[in-house]
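Following: one structure in structure tokens, then a few remarks.
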Amino acid sequence: MPSTVILEKTIYTIDQLEEMPLPQLALAGRSNVGKSSLLNKLTGRKNLAKTSSTPGKTRSLNFYKVLPEDFYLVDLPGYGYARCSKTEREKWAALINRYLRDNVHLFGVVALLDSRLPPQTLDIELITFIRSQGIDVFPVMTKADKCKQPVRSANQTAWQRLLGSEKPPLLTSSHSGMNIDKLWQFFLEKFAAVQHTE
Ligand code: GTP
Ligand code: MG
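Each residue of the sequence shown is one higher than the one before, counting from 14 in my numbering.
Given below as structure tokens:
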């Protein structure tokens, strides 16, 4: 867990995007998958990022600086939220795409996947796009506490096959804390690895 977390920048539109010259790790995933909750759990700050049972809570890109490590965790707005207008959905997609494209500071995108669901088209599309940008994708399954073991195992295996990865995606729960420390350790390792190559 970092000792200090500061919300340094909030971005609503493409015009507001600017270079943030520190390594960045973004949390991406469908609306309501648990991005903001995971960020709070990882940083040990309950109310840092606002969460809600209503999808579409996070409507901006939020840059959280974590210290002493000195990198950004970036909370992205959820995609695929059906109840907002098409124009609004397209606006968010454009903002996320622009942020992900040609971003030399991004050392990975954590793709959050609902452990209750088999691979969904929208998730696959996002992962394919991120990989096409040459960015590492770290798949992580959320809400493990809400899902029976055989179901989450089956979904984990399905994702592992689809992504062609060595290991199945890590199962986490922001409610029970399952694998949260392990995930933070993993992020620190990835961060350490980019520092050595810079
Ligand atoms: P948007 O900002 O709308 O894109 O959503 P988000 O991905 O940030 O999701 P958020 O963290 O706001 O969580 C959505 C809902 O799921 C909230 O009601 C959370 O309490 C709940 N939730 C998130 N993580 C977990 C979890 O691990 N277990 C359980 N049971 N509920 C969770
Ligand atoms: Mg959110």
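The C-beta atom is built at its ideal place from N, Cα and C for all residues, glycine as well.
According to DSSP, residues forming a beta bridge with residue i
i	result
Arg43	Tyr92
Ala124	Ala41 and Pro152
Ile19	Lys78
Leu86	Leu38 and Tyr77
Ile24	Leu74
Leu183	Val153
Leu119	Gln37
Whole-angstrom C-beta distance between residue j and residue i, which should lie under 8 Å
i	j	result
Leu38	Gly91	Actually they are not in contact, since the Cβ atoms of Leu38 and Gly91 sit about 17 Å apart, beyond 8 Å.
Phe204	Glu82	6 Å
Leu55	Ile193	6 Å
Leu80	Thr17	4 Å
Check: residue i C-beta below 7 Å from any heavy atom of ligand 4
i	result
Met154	This structure lacks ligand 4; its bound ligands are ligand 1 and ligand 2.
Proximity below 8 Å, CB of residue i to CB of residue j
i	j	result
Thr185	Leu196	yes
Gly177	Leu125	no
Val87	Leu74	yes
Leu40	Leu30	no
Val46	Thr155	yes
Asn168	Leu113	no
Pro182	Val153	yes
Ser98	Lys70	no
Ile27	Arg102	no
Tyr77	Leu20	yes
Ser128	Cys160	yes
Tell me, please, whether the segment 141 to 150 touches the segment 167 to 174 by the rule of three or more beta-carbon pairs shorter than 8 Å. Result no; under three Cβ-Cβ pairs closer than 8 Å.
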